[in-house]
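Residue 798 in the working numbering is what sits at position 213 of the sequence shown, and the numbering runs on without skipping anything.
Beta carbons are placed, not taken as given, at the ideal position from N, Cα and C, and that holds for glycine.
Written out below as C-alpha cells is the structure these notes cover.
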Amino acid sequence: MPESTASPFLRAAGLTKRFGGFHALRDVDIEVRERAIHAVIGPNGAGKTTLFNLLSGVMAPDSGEIAFLDRPLGRLRPHRRAALGIARTFQNIRLFGHMTVLENVMLGEHWRIYPSLWRSFVKASLHRPLGEAREETEMRRRALETLEFVGLADRRHVMATDLPYGEQRLLELGRALAMEPRLLLLDEPAAGMNIRETEDLDALICKVRDRGVTVVLVEHDMNLVMGISDRITVLNFGDKIAEGSPSEVQLNPAVIEAYLGEEGTL
Ligand code: ADP
Ligand code: MG
C-alpha cells in the first residue's frame, strides 16, 4: 500500500503507562494504516500487552492520546471502543468455558449489538429454547458463518473448555470477528499452536485483512510476523526502539541486540 495515500486510521502519541515507579510503556507513538497487518514485537515484558490494554481501553494511560478514525478515544471504556469498531483477543484466553463454541461467538454478536446491556441480554436470550426468537435464529446463522470462516463450524456444539488450545485461540478470534470490527488486536494468537495450525492462522489473518479489517498483531513467532506484516513496531523495556518493514526491522542493530538478550535469534 503506498504510504502517502493512506489516511490515518489509528494513531497513538506519547503513550506512557507506569506500574508503581516502573515504566511498562514510555512515550510510545504508533500509527496504524487502514487494512494493514501491523505487528508489535519485542522481548517478554517489553510492554506489548500493555499497549493493547491502552488501545482497547482496558487500562488508561498515565499520559498520551489515542485517536481512532481521527476521533480521540479519551477514557472510553472497552465496550464503547468495541462499538466504534475495535475488538481484541487476549494473551490469556478469555472464553466462556461452559458455553458452546457457537454460543461464545454469539456473545461477540451481542457485544456488537448491545454493547452496554450485554450482560442482562445474554442471560435472557442465550438460555431461551433454540429458535424461539427470529432474531436469535439470525444470530445463530451469522455465528455459524463466522465459525466457518475460522474453521470451527464442525466444533460448534463442543464446550469451549473442551477445545484444544489452538482451537480456543481460533474461537477467541471468531468471537472478536463476530463484533464486526474495523480494527482487530490479536495478542499472541499463535501461542500454543503447532506448526500446521500456525500456517493456517497465517492464511486466516490474511483473509481477515482481505475482508477489510485492519489487524494489529502481537506475536513471538517470527516466521508468522515477518511473512504477513506490512509494518512492524518493536518495543523493548517499554520504549519503541524501531519501526519499519519486516526487512528493515530484521536488519536493525537495536532490534538484533534486544533479541540477543532473550532468544539469540530473530
Ligand atoms: P509483554 O506483553 O510485552 O510481555 P506486558 O505489557 O505484559 O509485556 O508487561 C510490561 C511490563 O509491565 C512487565 O514488566 C510487566 O510485569 C508489567 N506489568 C504489566 N501489567 C502489569 C500490571 N497490571 N501491574 C503491574 N505490572 C504490570
Ligand atoms: Mg504480552
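Alpha-carbon spacing of residue i relative to residue j, whole angstroms
i, j, result
"Arg667", "Gly736", "Note that residue 667 corresponds to Ala in the displayed sequence, not to Arg. Taking the straight line joining both Cα atoms gives about 24 Å."
"Gly659", "Arg665", "11 Å"
"Met744", "Ala672", "23 Å"
"Ser641", "Leu768", "10 Å"
"Ile622", "Glu720", "34 Å"
"Glu723", "Gly630", "43 Å"
"Gly670", "Leu845", "37 Å"
"Asp739", "Leu758", "16 Å"
"Ala761", "Gly693", "6 Å"
"Ala598", "Val834", "21 Å"
"Gln676", "Pro628", "15 Å"
"Arg794", "His683", "30 Å"
"Glu804", "Ser814", "11 Å"
"Leu770", "Leu786", "14 Å"
"Lys886", "Pro663", "Because the chain here runs from 586 to 851, residue 886 falls outside it and cannot be looked at."
Three-way DSSP call (helix, strand, coil) for residue i in this model
i, result
"Arg781", "helix"
"Gly693", "helix"
"Asn629", "coil"
"Met724", "helix"
"Phe607", "strand"
"Leu802", "strand"
"Glu757", "helix"
"Gly797", "coil"
"Asn837", "coil"
"Ser814", "coil"
"His683", "coil"
"Leu771", "strand"
Near ligand 1: residue i beta-carbon under 7 Å from a heavy atom
i, result
"Asn837", "no"
"Gly627", "yes"
"Ala609", "yes"
"Ala860", "With the chain covering 586 to 851 only, the question about residue 860 has no answer from this structure."
"Phe604", "yes"
Near ligand 2: residue i beta-carbon under 7 Å from a heavy atom
i, result
"Thr634", "yes"
"Asp612", "no"
"Asp772", "yes"
"Val803", "yes"
"Gln676", "yes"
Expected contact under 8 Å - CB spacing of residue i and residue j to nearest Å
i, j, result
"Arg611", "Asp824", "5 Å"
"Pro593", "Asp655", "6 Å"
"Ala728", "Met691", "5 Å"
"Phe653", "Leu595", "5 Å"
"His679", "Asp647", "Looking at the sequence shown, residue 679 is not His but Arg. The pair is not a contact, with the Cβ atoms about 25 Å apart (cut-off 8 Å)."
"Gly812", "Asn779", "Actually they do not touch by this definition, with Cβ atoms about 17 Å apart."
"Ile817", "Ala624", "5 Å"
"Val798", "Pro766", "6 Å"
heavy atom of ligand 4 below 7 Å from residue i C-beta
i, result
"Phe681", "Within the structure as shown, ligand 4 is missing, the only ligands being ligand 1 and ligand 2."
Neighbour flag for residue i against chain E, beta carbons, 8 Å
i, result
"Met684", "Note that chain E does not occur in the displayed structure, where there is just one protein chain."
Residue ranges of each beta strand (DSSP E) within the segment 639-686, 3 or longer: 648-653 and 671-673
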